[in-house]
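S.K.:
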Amino acid sequence: MSEVSMETIVNLCKARGFVYPGSEIYGGLANSWDYGPLGVELKNNIKQEWWKFFVQQRLDMVGLDAALIMNPKVWEASGHLETFTDPLVECKECHERYRADQIDLSAACQKCGRKETFTEPASFNLMLKTWLGPKEDATATVYFRPETAQAIFVDFLQVLQTSRKRVPFGIAQIGKAFRNEITPGNFIFRTREFEQMEIEYFIRPDEWQKHFESWLENLKAWIRHCGIDESRVHDLEVPVEELAHYSKRTVDIEFDFPFGRKELYGLAYRTDFDLSNHAKFSGENMTYTDPVSGERFVPHVIEPSLGVDRTFLAMLVSAYTEEEAPTSAEGETEKRVVLRLPKQFAPIKIAILPLSKKDELSLVAKPLAEQLAKNWRVDYDETQSIGKRYRRQDEIGTPYCVTVDFDSLEDKAVTVRDRDTMKQERVAVADLEKYFNEKFNN
Ligand code: GAP
Numbered sequence: 001m002s003e004v005s006m007e008t009i010v011n012l013c014k015a016r017g018f019v020y021p022g023s024e025i026y027g028g029l030a031n032s033w034d035y036g037p038l039g040v041e042l043k044n045n046i047k048q049e050w051w052k053f054f055v056q057q058r059l060d061m062v063g064l065d066a067a068l069i070m071n072p073k074v075w076e077a078s079g080h081l082e083t084f085t086d087p088l089v090e091c092k093e094c095h096e097r098y099r100a101d102q103i104d105l106s107a108a109c110q111k112c113g114r115k116e117t118f119t120e121p122a123s124f125n126l127m128l129k130t131w132l133g134p135k136e137d138a139t140a141t142v143y144f145r146p147e148t149a150q151a152i153f154v155d156f157l158q159v160l161q162t163s164r165k166r167v168p169f170g171i172a173q174i175g176k177a178f179r180n181e182i183t184p185g186n187f188i189f190r191t192r193e194f195e196q197m198e199i200e201y202f203i204r205p206d207e208w209q210k211h212f213e214s215w216l217e218n219l220k221a222w223i224r225h226c227g228i229d230e231s232r233v234h235d236l237e238v239p240v241e242e243l244a245h246y247s248k249r250t251v252d253i254e255f256d257f258p259f260g261r262k263e264l265y266g267l268a269y270r271t272d273f274d275l276s277n278h279a280k281f282s283g284e285n286m287t288y289t290d291p292v293s294g295e296r297f298v299p300h301v302i303e304p305s306l307g308v309d310r311t312f313l314a315m316l317v318s319a320y321t322e323e324e325a326p327t328s329a330e331g332e333t334e335k336r337v338v339l340r341l342p343k344q345f346a347p348i349k350i351a352i353l354p355l356s357k358k359d360e361l362s363l364v365a366k367p368l369a370e371q372l373a374k375n376w377r378v379d380y381d382e383t384q385s386i387g388k389r390y391r392r393q394d395e396i397g398t399p400y401c402v403t404v405d406f407d408s409l410e411d412k413a414v415t416v417r418d419r420d421t422m423k424q425e426r427v428a429v430a431d432l433e434k435y436f437n438e439k440f441n442n
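Residue 28 in the numbering used here sits at position 28 of the sequence shown, with consecutive numbering throughout.
Next up, the structure:
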């Protein structure tokens, strides 16, 4: 296991344009982060690959993209208004706030160092409130969704009717969720605004164990697909007394982050809790009728819930490597940082590097970059020495660098360098598209 520190990851993210502190020119905003040019590419690739893996390639899945702000009755029915809380304590001396379940209440306050100064734990609701329309009163109060899941339950009947799916089937959604976390932190690990990729998989009640095990396997397969270091991944059977209000069984998939072992994903058996409550609160009948047997039941649900931002962080921690790379035939070496991201996730797929800024080279390299950019995300870089440019691309995980040199003008070929092996091969310009199609599709 590489012992990459959070400081290294955060610095790399800022220096190379993966993630910046949000609103930085105004001094930032407590733990908000912006994804820069490379970050947005990696994040989009995570979401696209997830959609391909769990929706497009499965005939039992459909998608949804629902409104982020929903009728407040949704949160009454789901139990979030009443029970989506964390225990809050405050230091009576310095007024620092903590989650009571995350600190030792008999220890000193981490900020002011005083002992025995904590208030009694109080329930703090994590939902972010706002209001709709010009009147700021209780009747206009709405909430930013704390999970993407609820819209899937609320739209269940419409999706069922329009998609003509039969149980078992699943509905997937990717989108932002908001929680007024008491103690956000650890970079993008816990923030108040984040993104989820969730599936509600509707099943017959008596088959929940079988589907639960199968989704646990699916999540492991996804983790492998992302190149997340499996030796850092662990299952935690959540004890009954700690289960969320809707869950009969939850397995947290944890990851050894540099700051400790923490939840990466969750897999929950939500029973018929949500559909039955929405039926009760809305008056709609959420019963499913099996078209073959005629059997009627409220479907139960297995829910794999994944955070985009935590996937992003676990992938960076897993992909980051430092190694000694040869710089000369005499055996001299220098430190090389390589982000060994799986190719399909890499923010930049191909870097086009003309050996010099001379016009005759850019006349070949530019059109080549434009041609390849039709299929892959391409970077064009003609500054600094070729060695430095290779290192820069290694550090951001670019699988292939294409060097256009003066021989290219004669032999109509370029040098392709592989990120992982550093091996170089000469490829005819006319064959490049076919070459990369093979590289990226295998
Ligand atoms: N619908 C179920 C649900 O929301 P959860 O365990 O509260 O379950 C699911 O959240 C996933 O969302 C987590 O495993 C994590 O990946 C991500 N997540 C939750 N809270 C987060 C936060 N404050 N910041 C970043 N990601 C978060």
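Just so it is clear, CB atoms sit at the ideal spot from N, CA and C, and this is done for glycine as well.
#1: Just how far apart, CA to CA, sit Val402 and His95?
#2: Rounded to the nearest angstrom, what separates Met1 and Phe257 at their Cα positions?
#3: The alpha helix (DSSP H) that contains Arg389, what's its start and end?
#4: Taking 6 Å as the line, does the beta carbon of Gln196 fall inside it for any heavy atom of the ligand GAP?
#5: Using 7 Å as the threshold, is the C-beta distance between Tyr380 and Ile352 below it?
#6: Identify, in the order they occur along the chain, each residue of the same chain with its Cβ nearer than 8 Å to the Cβ of Ser32, setting aside the five sequence neighbours on each side.
#7: Any idea what DSSP makes of Val74, helix, strand or coil?
#8: Mark Gly266 as exposed unless 16 or more other C-beta atoms lie within 10 angstroms of its C-beta, in which case mark it buried.
#9: Just how far apart, CA to CA, sit Tyr201 and Asp394?
#10: First and last residue of the beta strand (DSSP E) that includes Val378?
#11: So, do the segment 304-312 and the segment 278-295 have three or more beta carbon pairs nearer to each other than 8 Å?
#12: Report the residue ranges of all alpha helix (DSSP H) runs contained in full by the segment 88-131; include only those spanning at least 4 residues, in chain order.
#13: According to DSSP, is Ala351 helix, strand or coil?
#14: Tell me whether Tyr265, by its Cβ, gets closer than 6 Å to a heavy atom of the ligand COA.
#15: Considering Cα atoms alone, identify which of Leu355, Pro399, Glu76 is closest to His278.
#16: Do you know how far the Cα of Leu88 is from the Cα of Leu126?
#17: Cβ-heavy atom distance between Ala149 and the ligand GAP below 6 Å?
#18: Since Gly227 contacts Ala319 with CB under 8 Å, what's their CB separation in whole angstroms?
#19: Give me the residue from Glu425, Ile348, Thr130, Lys366 with the minimum Cα distance to Arg392.
#20: Does DSSP put Gly36 in a helix, in a strand, or in coil?
#21: Please find out if some non-hydrogen atom of the ligand GAP comes closer than 6 Å to the beta-carbon of Thr383.
#22: When you compare only the Cα positions, how much space is there between Glu120 and Pro205?
#23: Put Ser305 into one of helix, strand or coil per three-state DSSP.
M.R.: According to the data block:
#1: Working through the sequence shown from its first residue, we reach residue 402 at position 402. Working through the sequence shown from its first residue, we reach residue 95 at position 95. In a straight line, the C-alpha of Val402 is about 57 Å away from that of His95.
#2: In the sequence shown, counting from the first residue as 1, residue 1 sits at position 1. In the sequence shown, counting from the first residue as 1, residue 257 sits at position 257. With a pLDDT of 47 at Met1, under the threshold of 50, the modelled position of that residue is not reliable, and the figure given next carries that caveat. Going from the Cα of Met1 to the Cα of Phe257 covers about 11 Å.
#3: Looking up residue 389 in the sequence shown gives position 389. That run of the alpha helix (DSSP H) goes 386-396.
#4: Within the sequence shown, residue 196 is the residue found at index 196, counting from 1. Within the cutoff, so yes.
#5: For the purposes of this step, residue 380 is taken as residue 380 along the sequence shown, with counting starting at 1. For the purposes of this step, residue 352 is taken as residue 352 along the sequence shown, with counting starting at 1. Cβ atoms of Tyr380 and Ile352: closer than 7 Å.
#6: One-based indexing of the sequence shown puts residue 32 at position 32. Result list for Ser32: Pro21, Gly22, Ser23, Thr191, Arg192, Glu193, in chain order.
#7: Taking the sequence shown and counting its residues from 1, one reaches residue 74 at position 74. Helix.
#8: The residue you call residue 266 lines up with position 266 of the sequence shown. Gly266 comes out buried.
#9: Numbered from 1 along the sequence shown, position 201 holds the residue referred to as residue 201. Numbered from 1 along the sequence shown, position 394 holds the residue referred to as residue 394. Whole-angstrom Cα-Cα distance: 39 Å.
#10: Along the sequence shown, one-based indexing puts residue 378 at 378. First-last of the beta strand (DSSP E) with Val378: 378-380.
#11: no
#12: none
#13: Taking the first residue of the sequence shown as position 1, residue 351 is located at position 351. Looking at Ala351 - three-state DSSP - the assignment turns out to be strand.
#14: Only the ligand GAP can be found as ligands here, which leaves the ligand COA out of the picture.
#15: Walking along the sequence shown from the start, residue 278 turns up at place 278. Out of Leu355, Pro399, Glu76, Glu76 has the C-alpha closest to the C-alpha of His278.
#16: Numbered from its first residue, the sequence shown carries residue 126 at position 126. Numbered from its first residue, the sequence shown carries residue 88 at position 88. So the alpha carbons of these two residues sit roughly 11 Å apart.
#17: Mapped onto the sequence shown, residue 149 falls at position 149. For the ligand GAP, at least one heavy atom lies less than 6 Å from the Cβ of Ala149.
#18: Within the sequence shown, residue 227 is the residue found at index 227, counting from 1. Within the sequence shown, residue 319 is the residue found at index 319, counting from 1. Indeed they touch by this definition, with Cβ atoms about 6 Å apart.
#19: Sequence index remark: in the sequence shown, residue 392 carries index 392 (1-based). Closest by alpha carbon: Ile348.
#20: Counting from 1 along the sequence shown, the entry for residue 36 is found at position 36. Gly36: coil per DSSP, three-state reduction.
#21: Position 383 of the sequence shown, counting from 1, holds the residue named residue 383. Because no heavy atom of the ligand GAP lies under 6 Å away, the Cβ of Thr383 does not count as near it: no.
#22: Position 120 of the sequence shown, counting from 1, holds the residue named residue 120. Position 205 of the sequence shown, counting from 1, holds the residue named residue 205. So the two alpha carbons sit approximately 41 Å from each other.
#23: Start at 1 with the first residue of the sequence shown, and residue 305 comes out as number 305. Strand.
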